[in-house]
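Undergrad: Every letter in the sequence shown is one number past the one before it in the numbering used here, and letter 105, counting from 1, is 113. All C-beta atoms, glycine included, are put in the ideal place defined by N, C-alpha and C.
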Amino acid sequence: MNPIVFPFQQATRPHFAEFVFYEGFFNPQEVDKIRNLWSSENEVDATLSGGVKETDEQLRKTKLTFIPDSPENIWVYQKLGQLGIQCNIERYGYDLLGFHHHLQLARYGEGDFFDWHLDFGAGEISHRKLSISVQLSDPEEYEGGDLQFMINKNYYNAPVKKGTVIVFPSFIMHRVTPITKGIRQSIVGWLAGPPYR
9 MNPIVFPFQQ ATRPHFAEFV FYEGFFNPQE VDKIRNLWSS ENEVDATLSG
59 GVKETDEQLR KTKLTFIPDS PENIWVYQKL GQLGIQCNIE RYGYDLLGFH
109 HHLQLARYGE GDFFDWHLDF GAGEISHRKL SISVQLSDPE EYEGGDLQFM
159 INKNYYNAPV KKGTVIVFPS FIMHRVTPIT KGIRQSIVGW LAGPPYR
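#1: Quick check: the Cα distance between residue 102 and residue 46, rounded to an integer number of angstroms?
#2: Assess contact between the stretch 158 to 165 and the stretch 188 to 200, defined as three or more Cβ pairs (one per stretch) separated by less than 8 Å. Is contact present?
#3: Could you tell me whether the Cβ atoms of residue 109 and residue 77 are closer together than 8 Å?
#4: In the DSSP assignment, the alpha helix (DSSP H) including residue 206 goes from what residue to what residue?
#5: Could you give the distance in angstroms between the alpha-carbon of residue 128 and the alpha-carbon of residue 141?
#6: Opposite residue 178 in the DSSP bridges: which residues?
#7: Spatial neighbours of residue 152 within its chain, please: CB distance less than 6 Å, with the 5 preceding and 5 following residues excluded, ordered by chain position.
#8: If you compare alpha carbons, which of 198, 179, 66, 183 is closest to residue 25?
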């Protein structure tokens, strides 16, 4: 007996995109203010998300510090949160509740990279819906370090203009290619909500 398939009768998302970018979302003064939040005293080696918190330099090698949601920094959270909500309304329609963990300030030096991965998975990262990346470095400051997305069997580079924000569903495969010269800085964050159902 063949199963009966009923029409879903649900609204579709005709404007879905594997990634969306907003060039110049942060102006140069805002970028400098964010970059100055880097704390060498509080930097840590990046770990793998979900389950045991451990490093794996075969998959990811970079330094992180975290942006506290303090009164002097809350503007970063508010600005990115508002953009993420608007992007979600226009493109995705996910249930969102807020940021998943503090925003990460990432610094990729020579030889640093993050190989192909998803931001979404089992356990604590199962709540992630939208990933956000902010380009804080001028492309002349480094070589390599491309944020790339794997879509089917093709990969695409994200824009690298300083101040650009890239938003994408957390289940999209992506990577940061190895830095061959200089330093690349970025913000990484996730908007989260109830598990998919």
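TA: The structure says:
#1: 32 Å
#2: With the cut-off at 8 Å, the stretch 158 to 165 and the stretch 188 to 200 do not touch.
#3: no
#4: Nothing can be reported for residue 206: it is not among the residues displayed for the chain, which extend from 9 to 205.
#5: Taking the straight line from one Cα to the other gives about 15 Å.
#6: DSSP output for residue 178 lists no bridge partner at all.
#7: 185, 186, 187, 188
#8: 179
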